[in-house]
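Comments concern the structure below.
Residue numbers (this note's numbering): 89 to 200.
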């Protein structure tokens, strides 16, 4: 079973408020992955940045992504996303739309 990294963890690593590389290195027996929808969120941040910030952000993202397998968003993921979304909505406990897809649905459909 792998640990699925969310965008906020990777972003905190970029901003220097979290030592992502050190944290991963301290867990040599763990596998880490990232959901495809999370990759879209991260690239969105690159696209919004300008000048030197964009170059820095893109370089960081490319370095992180080079070492992480990407979990695809499949029809099965979409099913789990819809189910989890409906359950949370019914309980009045909605989390972010992207978090529903990237964390809950992806980890459920991939068996993580």
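By construction, the Cβ of each residue, glycine as well, lies at the ideal position given by its N, Cα and C atoms. Here the structure is a predicted model, which means the values were calculated and not measured.
Less than 8 Å between the CB atoms is what I'm expecting for residue i and residue j, so what's the real figure, rounded?
i: residue 106; j: residue 100; result: 4 Å
i: residue 156; j: residue 122; result: 5 Å
i: residue 98; j: residue 108; result: 7 Å
Looking at C-alpha atoms only, which residue of the options is the closest neighbour of residue i?
i: residue 151; options: 127, 92 and 173; result: 127
i: residue 104; options: 172, 159 and 144; result: 144
i: residue 95; options: 181, 158 and 168; result: 158
i: residue 129; options: 181, 178 and 153; result: 153
For the alpha helix (DSSP H) containing residue i, list its first residue and its last residue.
i: residue 130; result: 124-136
i: residue 108; result: 108-113
i: residue 161; result: Here residue 161 belongs to no alpha helix (DSSP H), and DSSP marks it neither H nor E.
i: residue 151; result: 139-153
In the DSSP assignment, find the beta strand (DSSP E) that holds residue i and state where it starts and stops.
i: residue 93; result: 91-93
Near residue i, which residues of its chain fall below 6 Å by C-beta distance, leaving aside the five closest residues on each side in sequence?
i: residue 131; result: none
i: residue 110; result: none
i: residue 161; result: 124 and 125
i: residue 146; result: 134
i: residue 137; result: 145
i: residue 102; result: 148
By Cβ distance below 7 Å, which residues in the same chain neighbour residue i in space, the five residues on each side in sequence not counted?
i: residue 120; result: 90, 91, 93, 112 and 156
i: residue 142; result: 134
i: residue 118; result: 91
If you drop the 5 nearest sequence neighbours on each side, which residues of the same chain put their C-beta closer than 8 Å to that of residue i?
i: residue 175; result: none
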